[in-house]
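*Asks:*
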Amino acid sequence: MGPAALLAWYELAGVDEAIGESPVNRFARPATPPPPVARVAAGGPQDPAPRPAATAVRAVTPPAALSEEAAARAAASTTLDELREAIATFEGCSLKQ
216 MGPAALLAWY
226 ELAGVDEAIG
236 ESPVNRFARP
246 ATPPPPVARV
256 AAGGPQDPAP
266 RPAATAVRAV
276 TPPAALSEEA
286 AARAAASTTL
296 DELREAIATF
306 EGCSLKQ
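Here you go:
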């Protein structure tokens, strides 16, 4: 692709501004060396990483039961305010927790 074709393609793509004062050929620049890797001393035993404290496990309600409860709450609502209250008090959505 020549420079004229590239400029035409840029125009079609909506490019309307050049960011730098002069072009930068990123292919000509030397690649930056990878960061140094920390070396682990060979030999003796290492202490295992500490384990996090156990957290309380909550009982999980099957998704089918939750969706049935949500549908029943929505069906029982006769006004928007009742529906809003049913949604606000529904505890079966894991995003809410």
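Residue 226 in my numbering is what sits at position 11 of the sequence shown, and the numbering runs on without skipping anything.
C-beta atoms are modelled at their ideal positions from N, C-alpha and C, and glycine is treated no differently.
I need the straight-line Cα distance from residue 235 to residue 216, nearest angstrom please.
*Replies:* The residue given as residue 235 occupies position 20 in the sequence shown. The residue given as residue 216 occupies position 1 in the sequence shown. Each residue's Cα considered, the two are about 22 Å apart.
*Asks:* Do residue 305 and residue 279 have their C-beta atoms within less than 9 Å of each other?
*Replies:* Position 90 of the sequence shown, counting from 1, holds the residue named residue 305. Position 64 of the sequence shown, counting from 1, holds the residue named residue 279. Against a cut-off of 9 Å, the Cβ pair of residue 279 and residue 305 comes out as no contact.
*Asks:* Rounding to the nearest angstrom, what Cα-Cα distance links residue 225 and residue 246 in this structure?
*Replies:* Start at 1 with the first residue of the sequence shown, and residue 225 comes out as number 10. Start at 1 with the first residue of the sequence shown, and residue 246 comes out as number 31. Taking the straight line joining both Cα atoms gives about 27 Å.
*Asks:* Suppose contacts are defined by Cβ-Cβ distances below 9 Å. Is residue 283 in contact with residue 292 by that definition?
*Replies:* Working through the sequence shown from its first residue, we reach residue 283 at position 68. Working through the sequence shown from its first residue, we reach residue 292 at position 77. It is not a contact, given that the beta carbons lie outside the stated cut-off.
*Asks:* If we ignore side chains and look at the alpha-carbon of each, how far apart do residue 241 and residue 250 end up?
*Replies:* Position 26 of the sequence shown, counted from the first residue, corresponds to residue 241. Position 35 of the sequence shown, counted from the first residue, corresponds to residue 250. Distance between the alpha carbons of residue 241 and residue 250: 20 Å.
*Asks:* What number of angstroms, rounded off, separates the C-alpha of residue 309 from the C-alpha of residue 222?
*Replies:* Within the sequence shown, numbered from 1, the residue matching residue 309 stands at position 94. Within the sequence shown, numbered from 1, the residue matching residue 222 stands at position 7. Going by the C-alpha atoms only, they are around 50 Å apart.
*Asks:* Less than 9 Å between the beta carbons of residue 289 and residue 298, yes or no?
*Replies:* Numbered from 1 along the sequence shown, position 74 holds the residue referred to as residue 289. Numbered from 1 along the sequence shown, position 83 holds the residue referred to as residue 298. Cβ atoms of residue 289 and residue 298: closer than 9 Å.
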